[in-house]
Structures are given as structure tokens and as C-alpha cells.
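Residue numbers (our numbering), protein chains in the order written: chain H, 982 to 1329; chain D, 3 to 190.
Set out below in C-alpha cells:
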């Protein structure tokens, strides 16, 4: 493959994946509104289109058309950079996520991953850790005490839970012996559910820690203190309006999807089927290529469903409870999990 | 291709460093430092050190600098005043800089056998790096981690409520802290 072909394919893949991700974001928002509505015994959006299916598109158009207000006393450069940074980092990390069989395209082309990086897992962690700045700078540059409080909470929370999140993944990496996401998935492919890291790999403790830390990392309820509307009116995005606000909103949901993808890859066997080799692989080449994507999407969907379910169920924690939970329970538990996994691997 | 990337990111790195010194607002300086750190990560990647690049982004740009910006925001640090600088500093400073650069240049030019590092295609896999860290360099690696542990213990001892009064227990730990934290910045 020449460099130009490689370049063209890469641009094509980036465009398609970004478009799919953004559509996914839009419809995750709708899913959340519908589900939380049903949990609270109401319908949720139901007027625009059949079952309210066109609601996200209309909402998007609305955000574009609204007046963009920049308050006079904000620190302009950072105020403008913050939402771009936030959304940019949220969209970048999907680039190393493999979501289908490798080399499924014509001529052994890697259709279902933008780039296969040796240190894929670390890239995701790194990009996520840069994403903190979007929120931190938004709050600081808004020159508003609610925003500042929101972003202070956010930085402290993200730094604390990033530790637990990173440590919870070490068990999986120990088992796999690599940071390459594709290899990690292929090692879980042999026996279906039984060889997934969360069951067969005995990483259920790690999975629980990852879940809790991921909720905190994406600022989702019950850890949504940076935007606790009852105390902070809206937290870090109080002063943002129109499309800039929508960018923060989209970043949050894109992060949710990425976190779901990582959970799927590391703990739930990625694109492999939960039945292992019980079902013979389909004959048709198109079905053969699309089946893994179906499994991947289904797993991510379950994860998002869980996210929304928890949001509809659990009340928000207090700030000291949040910090206590992170430092006194999750982090030691994650370290214990690493020790236990290493011992198991050593004496197996 | 690699050369172009090197020039671009070395440029970013230098621009960030100069901007760091010129900015009067602490938060802008902190952000420039993040640019420097991230461009350094790309340079490491160009040298084939992928794990180092990722660690640079996660640890420095992602964790340590977040704490920097956190402190700047928490203290609500204002704009610094630009001063003319003292005459002594200007009289001694420029010759001193020239002298240091000259010494460094002579040492580097004279030194032989420092090893060669060049921009290249191949990448050192993380497995090799960890094998070296846990066999040949095990002692320095573990000593560094003990130093960091001492720094953490010192910080905890200092931050504990009531440690301002002279108490028997807190003495040796808080005594170890300045050395520990100084070593930590050097050791990493």
C-alpha cells in the first residue's frame, strides 16, 4: 500500500468513525432522556418524529441557531479554547479503539480500527487525562464562583479517580502482557463468556473498580459533583451558551461511549461473540465482517444502559463521601487486586 | 516525515518554553508548560520510546500539571508585575549564562561514547523496557520508588492535623520530607 492510499483510507476511516460517534452521542442523549423518563414514570421526548426519534437532530439545530453569548468579564482566550479542548480530547481517544475483526477489508485492509497502536490503552488514558483541562479551564476562565467551584471539584475528582481507574486496569494488562487493545481482545476470544476477563480472568473486582471510577471520570451521577445543579447552578459550564455549551454536553456523552468501549475491550471480550465457537462462523463474507460489530455495539449499549439506569436510581454523593470512597476504598482495593492477580499469575 | 515532525514539535517545545517565561499570568505559564511536556512526549515517540512518551503525557501533562493549575485556580493567583530587574542580576546574569553554555558545549563536544540516539522507525517495545527495569536496573528503580514513598509519608505527616506542635512521632518523617521531595523531582 502506498502512502497515498494509506492516507486516503485513514481520512475515510476518521470521517466515518467520527460521524458514527457523533450520531451515537446524539442518540445516547435521546436514550437517556427516554429511559430516565420511564424510570420516573413519564414518557420523555415523544413529539418530534416517531417515538421522538428526530429529537436529537432538532436539538442540534437549536444549539446552532441560538445566540452565542460571551460574558464581558471572562478571560477570552481560555474561555474559547476550553470547549474545543474538551470535545477534541473526547473524540480523539476513539481512534485507537478496535471494533471489529482485524484485516476484514478487501486485501486484508484494517477496516475497523483507525490505527493499531502498541500502547493503545496508554494512549486512551493519556488523552483522557488531558481532557481534564477543558473543564478546569472552562471554570476558571468564566470568572464566576460557581464555575470555579465546579472546576476545582472536577480537577480534584478526576485526579483522584484516575489513579483508581489506572490501577484497576493493571490486572488486565498483567494477564494479557501487552497494552495492545487488539491482542487483549483476541486473548479473550477462545471460550466466549468463560474466557472474558471479567469472568474467566477473575477480574470482577477490577471491573467493579473500573465501573465506579469511570462514572467519576465522566462526571456522571452519582459522582456528578462538578455540575451539581442544586448547589452550583451548572458548575463549570454555567457561563456557556449555545454551541459552546453543546460541545461540553457532547464531550460528556462521547466520553461515556469511549469508557464503554474500553470496558468492552478489556473486560467483556470486545467484538468476540459471547458464545465462543458454539455458533459456527457465518459463511457470507459481509455477515462475517458485520457480526463482530454487532456484538461490540450490543456490549457498549448494555454499558450505556447501565450508566443511565444508575443515574436514574442513585442520589448524588456528598463531596467528602466522594473523596473518601475514592481514596480509602477504591484505590486500596485496586492495589489488592494487582497483588492478588500477580500472585495468581506467579503460582498458576 | 520524521524530520518534519521533529522540527515541528521541537519548535512547539521551544515556543512553549519561551512563552512560559514571557507570560505574566501564572495560568498561561502553566499551560505553556503543558505544551512543552506534550511536545517532549512526541519527541520521545520519534526516538522510539513509546512507553516513555505515554508516561510523559499521563504523569506530567495529565497529573502533575493538573495539580499546578489546580493550585493556581485555588489561590486565584493574579497577574505578576513586570519589573525592570536588578542591575546586579543583569551584570552577573548574562556572563553567567554564556559561561554555563560554553562549559556545557565544551563538555558535550569533548565527550566520547555517550551513545547514539537518532530519529528512527523502530520502536522499543514496552516488554524490553520492563525487562531492563526489573533486571539490570532493579536497584535504582526500587530506590527511587522508596524515595517517592518517603516523600508521600512526609507530606502526610506534615498535613496531619496537630502536627505543628512538636510531637515525638511526627519528627523523623517530617524531617525526611524536604530531602524526599527534592529527590522526587530529580529522580523521576
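We treat Cβ as the ideally placed atom computed from N, Cα and C, and that holds for glycine.
If you're wondering where the values come from, they're calculated on a predicted model, not measured in any experiment.
query, result
"Other residues of its chain near residue 1156/H: CB distance less than 6 angstroms, five sequence neighbours each side excluded", "1182"
"Residue 1099/H - containing alpha helix (DSSP H), residue span", "Segment: none, residue 1099/H is in no alpha helix (DSSP H) and carries neither H nor E."
"Buried versus exposed call for residue 986/H [16 or more other C-beta atoms within 10 Å across all chains shown]", "exposed"
"Neighbouring residues, chain H, relative to residue 29/D (Cβ below 7 angstroms)", "1121"
"Neighbour-count burial assignment, residue 97/D, 16 or more Cβ in a 10 Å radius", "exposed"
"Test: residue 1160/H CB closer than 9 angstroms to a CB of chain D", "yes"
"Ranges of the alpha helix (DSSP H) found wholly within the region 88-156 of chain D, counting only runs of at least 4", "89-112 and 128-136"
"Where residue 1209/H sits in the DSSP three-state scheme", "coil"
"For residue 2/D, three-class secondary structure by DSSP", "Summary: the structure shown does not reach residue 2/D, with chain D confined to residues 3 through 190, and so no result is reported for it."
"CB contact check: residue 1136/H to chain D, cutoff 9 angstroms", "yes"
"Neighbour flag for residue 69/D against chain H, beta carbons, 9 angstroms", "yes"
"Beta-bridge partners of residue 1321/H, as assigned by DSSP", "Residue 1321/H is not bridged to any residue."
"Neighbourhood of residue 1124/H by C-beta, 7 angstroms cutoff - its chain only, sequence neighbours within 5 removed", "1054, 1055 and 1056"
"Three-way DSSP call (helix, strand, coil) for residue 1279/H in this model", "helix"
"Cross-chain neighbours of residue 1289/H in chain D, by beta carbon under 8 angstroms", "Correct list: empty, because the minimum Cβ distance to chain D is about 28 angstroms."
"Classification of residue 1082/H by the beta-carbon crowding that lies within 10 angstroms, buried from 16 upward", "buried"
"Cα-Cα separation, residue 1203/H to residue 1308/H", "17 angstroms"
"is_contact[residue 142/D, chain H] using C-beta, thresh 9 angstroms", "no"
"Minimum length 4: unbroken alpha helix (DSSP H) runs contained in the region 1241-1307 of chain H", "1266-1294 and 1300-1305"
"Distance, residue 1223/H Cα to residue 1232/H Cα", "15 angstroms"
"C-alpha gap between residue 1138/H and residue 1199/H, whole angstroms", "10 angstroms"
"Residue 1100/H versus residue 1148/H - alpha carbon distance", "16 angstroms"
"Which listed residue (1260/H, 1128/H and 1295/H) has its alpha carbon closest to that of residue 75/D", "1128/H"
"CB contact check: residue 163/D to chain H, cutoff 9 angstroms", "no"
"Contact set between residue 14/D and chain H, taken where Cβ atoms lie within less than 8 angstroms", "Neighbours of residue 14/D on chain H: none; closest Cβ ~15 angstroms, over 8 angstroms."
"Cross-chain neighbours of residue 76/D in chain B, by beta carbon under 7 angstroms", "Absent from the structure: chain B. Protein chains present are H and D."
"Chain-order list of residues whose beta-carbon lies under 6 angstroms from that of residue 71/D (same chain, five-residue window excluded)", "32"
"Residues near residue 1173/H in its chain [Cβ-Cβ closer than 6 angstroms; skip 5 each side]", "1255, 1256 and 1257"
"Beta carbon of residue 1111/H nearer than 9 angstroms to that of residue 1066/H", "yes"
"Contact with chain H by residue 40/D, beta-carbon distance below 9 angstroms", "yes"
"Stretch-stretch touch, CB-based, cutoff 8 angstroms, three pairs: the region 1278-1288 of chain H with the region 1238-1256 of chain H", "yes"
"Distance between residue 19/D and residue 11/D (C-alpha atoms, nearest Å)", "12 angstroms"
"Reduced DSSP secondary structure (H/G/I, E/B, other) of residue 1232/H", "helix"
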